[in-house]
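Visitor: This is the structure, below, for whatever I ask next.
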Amino acid sequence: MFKTLRNAWSMPELRSKLIYTFWMMAFIRIGAHIPAPGINPDAISQMMSSGSNSLLDLMNVMTGGAFSTMAIFAFGVGPYITSSIIIQLLTIAITRLEELSKEGEDGKKRISKYTRYLTLAIALLQGGATTLMLYNAEILIEQSSGVFALTLISFVSGSMLVMWIGEQITEKGVGNGTSLIIFINIVASLPQTMMGILAYGDYLKAGLLILALIVMIGFAVLMSLGERRIAVQYAKRMSGRKVYGGQTQHIPIKVNLAGVLPVIFSMSLIQFPEIVTSLFVRNPSEGWLTVIENLRWTTPIGGTIYLVLIFAFAFFYSTIAFNPMDIAANMKKSGGFIPGIRPGKPTSDYLAKIATHITLTGAIFLAILAITPLLFTAIFDMQVAFAGTSLLIVVGVALETVKQLESQMLMRQYKGFL
Numbered sequence: 001m002f003k004t005l006r007n008a009w010s011m012p013e014l015r016s017k018l019i020y021t022f023w024m025m026a027f028i029r030i031g032a033h034i035p036a037p038g039i040n041p042d043a044i045s046q047m048m049s050s051g052s053n054s055l056l057d058l059m060n061v062m063t064g065g066a067f068s069t070m071a072i073f074a075f076g077v078g079p080y081i082t083s084s085i086i087i088q089l090l091t092i093a094i095t096r097l098e099e100l101s102k103e104g105e106d107g108k109k110r111i112s113k114y115t116r117y118l119t120l121a122i123a124l125l126q127g128g129a130t131t132l133m134l135y136n137a138e139i140l141i142e143q144s145s146g147v148f149a150l151t152l153i154s155f156v157s158g159s160m161l162v163m164w165i166g167e168q169i170t171e172k173g174v175g176n177g178t179s180l181i182i183f184i185n186i187v188a189s190l191p192q193t194m195m196g197i198l199a200y201g202d203y204l205k206a207g208l209l210i211l212a213l214i215v216m217i218g219f220a221v222l223m224s225l226g227e228r229r230i231a232v233q234y235a236k237r238m239s240g241r242k243v244y245g246g247q248t249q250h251i252p253i254k255v256n257l258a259g260v261l262p263v264i265f266s267m268s269l270i271q272f273p274e275i276v277t278s279l280f281v282r283n284p285s286e287g288w289l290t291v292i293e294n295l296r297w298t299t300p301i302g303g304t305i306y307l308v309l310i311f312a313f314a315f316f317y318s319t320i321a322f323n324p325m326d327i328a329a330n331m332k333k334s335g336g337f338i339p340g341i342r343p344g345k346p347t348s349d350y351l352a353k354i355a356t357h358i359t360l361t362g363a364i365f366l367a368i369l370a371i372t373p374l375l376f377t378a379i380f381d382m383q384v385a386f387a388g389t390s391l392l393i394v395v396g397v398a399l400e401t402v403k404q405l406e407s408q409m410l411m412r413q414y415k416g417f418l
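As structure tokens, this is what we get:
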């Protein structure tokens, strides 16, 4: 990784992209420390430290601490990521969007425009709900409609600005703008996490915990790069005087095809009743509070539901991202076949069976990473926010960015020969 960065720095064009990316990331970190207007800093600090909501903790880590202080970048790239996922799902369900995705650059531009509009709507929804929660908790400096509107506008504007910065990093920087913003926010919270671990005073446990985190990083790298390659043989065919085919290629199926989306979706769904209650119910009944308490993922019932949801979302996303029937049909059209498997339906059934096994392995891997905070608390008696989900995001973004830099360097080397 460091060798790739050093080689990229030696190329003037890539050096300018790295510098541009650095300044954009610095701007993101500055915005994460500017509180939104209308917020009472002391009251928000007291509210965040009084309870432990796992979803809010995850949002706080992914925004680099901006959510805990209700900064102008409190939601980070969350609305943009949510809208991108929704558009991706709608592209499969709506024929018109599917046609747009196949129309090349113009179609991609129109889909990007729809994604931006949906990002604005989601930012308004999240910002409105959060501002209403702050209003009901009397955390705003003044209980008036003017302060309410000012706070809401600052949240929405911050989300749209972060989206724009991510697009600029993708276009003018090293690429993967949205992912890099999440990356820098998570990494920014790492020193504070390490200081919190050392503050416990038990240096033996702290050392063992840091060693466990290093082992988890290696495990996350292994699973992020892991894939099952299925050999595909192409028959020879004549076209004029040339012979095509007669070679073996591979269909790669990633072990962790869904990334961290199943964990985030599962956490959001299981915490949804508690969040809605805190927003709209002032005096909930004792029975409802008992239900919410049992739904928390730290309880046996909530933890079981949490793990089941992770597996369900992992298989759901796998069916969307990997379509065995389309792959089998394309292979049949191009004269490809899997050795020992007949073309057509037998091939699609074989691919579906392999994908199911791989997805199960990836879901188990995600479940292990998801429960690491509980394991750390039980074994080391320490609260660690920088856990499995954050590690998986950091590792995945770092590996993808290195690949991007290597491909850009390779492209420039080819240009030198032309």
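Quick note, in this note's numbering, the sequence shown goes up one by one and the last residue is 418. C-beta: ideal position from N, C-alpha, C; glycine also.
(1) If L366 and V263 are in contact, beta carbons under 8 Å, what's the gap, nearest whole angstrom?
(2) Cβ atoms of F148 and T130: under 7 Å apart, would you say?
(3) Is the beta carbon of L213 sitting closer than 7 Å to the one on I197?
(4) Look at the alpha carbon of T361 and the alpha carbon of S112, and state the distance between them as a whole number of angstroms.
(5) Over the uninterrupted beta strand (DSSP E) stretch that includes V232, give me the two end residues.
(6) Within a Cβ cutoff of 8 Å, which residues of the same chain sit near A480, ignoring the five residues on either side of it in sequence?
(7) Between the region 167-175 and the region 341-354, do three or more beta carbon pairs fall short of 8 Å?
(8) From the DSSP output, read off the bridge partner residues of I253.
(9) So L309 packs on I275, CB below 8 Å; how close in whole Å?
(10) Roughly how many angstroms lie between the CA atoms of F417 and S407, to the nearest whole one?
(11) List the endpoints of the continuous alpha helix (DSSP H) containing I87.
(12) Write down the C-beta distance between T63 and F73 rounded to the nearest angstrom, noting that I regard them as a contact closer than 8 Å.
(13) Have a look at L391 and I253 and give me their C-alpha separation to the nearest angstrom.
(14) Starting from the C-beta of S84, find all residues in its chain whose C-beta is less than 7 Å away, skip the five residues before and the five after it, and write them out in chain order.
(15) I need the boundaries of the alpha helix (DSSP H) containing D326, first residue and last residue.
(16) Kindly list the residues whose CB is nearer than 6 Å to the CB of R229, restricted to its own chain and excluding five residues on each side of it in sequence; keep chain order.
(17) Restricting to Cα atoms, I'd like to know which of D106, A36, G287 is closest to L140.
(18) Thinking just about the alpha-carbon of each residue, which of S145, G128, V77 is nearest to the one in I181?
(19) To which residues of the same chain is I292 closer than 7 Å at the C-beta, ignoring the five residues directly before and after it?
(20) Determine the closest residue to D326 out of P346, L307, F311, F315, with distance taken between C-alpha atoms.
(21) Excluding sequence positions up to five away, which residues of its chain have a Cβ less than 6 Å from the Cβ of G226?
(22) Since G336 sits in a beta bridge, which residues does DSSP pair it with?
(23) How would you write the range of the alpha helix (DSSP H) that V162 sits in, first residue to last?
(24) Using a Cβ-Cβ cutoff of less than 8 Å, which residues in the same chain neighbour K415 once the five nearest sequence positions on both sides are dropped?
(25) Whole angstroms are fine: how far does the CA of D381 sit from the CA of L374?
Guide: On the basis of the supplied data:
(1) Contact flag correct, Cβ pair sits at about 6 Å.
(2) No, Cβ-Cβ distance for T130 and F148 is not below 7 Å.
(3) Against a cut-off of 7 Å, the Cβ pair of I197 and L213 comes out as no contact.
(4) Here the alpha carbon of T361 sits roughly 33 Å from the alpha carbon of S112.
(5) Segment 227-234, the beta strand (DSSP E) holding V232.
(6) With the chain covering 1 to 418 only, the question about residue 480 has no answer from this structure.
(7) Counting C-beta pairs closer than 8 Å gives fewer than three between the region 167-175 and the region 341-354, which falls short of the contact rule.
(8) BP columns for I253 point to R228.
(9) Contact between L309 and I275 fails: their C-beta atoms lie close to 16 Å from each other, not under 8 Å.
(10) With a pLDDT of only 44 at F417, under 50, the local geometry of the prediction cannot be trusted, and no value is derived from it.
(11) It spans 78-93 - the alpha helix (DSSP H) in which I87 sits, taken as one unbroken run.
(12) Going by Cβ atoms, the distance from T63 to F73 rounds to 7 Å, so yes, they are a contact pair.
(13) Between the alpha carbons of L391 and I253 lies a distance of about 22 Å.
(14) Counting only Cβ-Cβ distances below 7 Å, and skipping sequence neighbours, we find T115.
(15) Where D326 is concerned, the enclosing alpha helix (DSSP H) stretches over 324-333.
(16) Taking C-beta separations shorter than 6 Å and ignoring five residues to either side along the sequence, the partners of R229 in its chain run H250, P252, following chain order.
(17) Ranking the options by Cα distance to L140, first place goes to A36.
(18) Ranking S145, G128, V77 by CA distance to the CA of I181 puts V77 first.
(19) For I292, the CB contacts under 7 Å within the same chain, skipping 5 residues up- and downstream, are P273, E274, T277 in chain order.
(20) Ranking the options by Cα distance to D326, first place goes to P346.
(21) Non-local C-beta neighbours of G226 in its own chain, meaning closer than 6 Å and more than five positions away in sequence, comprise V255, ordered along the chain.
(22) G336 is bridged by DSSP to Y234.
(23) It spans 145-172 - the alpha helix (DSSP H) in which V162 sits, taken as one unbroken run.
(24) Residue confidence is low: K415 scores 49 on pLDDT, short of 50, so the model does not pin down where it sits. Its coordinate-derived value is still stated next. Around K415: no qualifying Cβ.
(25) Put simply, the backbone Cα of L374 is about 9 Å away from that of D381.
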